[in-house]
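Here is the structure we will look at.
In my numbering, the protein residues as written are 614 to 682.
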């Protein structure tokens, strides 16, 4: 997955620094961008609909989501 950073007024160099920083955070956490985004999507969907009683997010989902902040 390619990471894209859109910031009005930022130079190409500043955008590259931002993308590189995001990649470093994911790498330190041992996650791919897909895993982090998937966790965020899963928790956001559950937050909107409420957690089903018989199925709650795993610890791994909460941990991956916390990387995105």
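Cβ atoms here follow ideal geometry from the backbone N, Cα and C, with glycine treated the same way.
Legend entry - Collapsed DSSP secondary structure at residue 666 in the structure displayed: coil
Legend entry - Exposure of residue 673, with buried meaning 16 or more beta-carbon neighbours within 10 Å: exposed
Legend entry - Neighbour-count burial assignment, residue 639, 16 or more Cβ in a 10 Å radius: buried
Inset, instruction - Rank 632, 666 and 644 by C-alpha distance to the C-alpha of residue 678 and give the top, closest one. - result: 644
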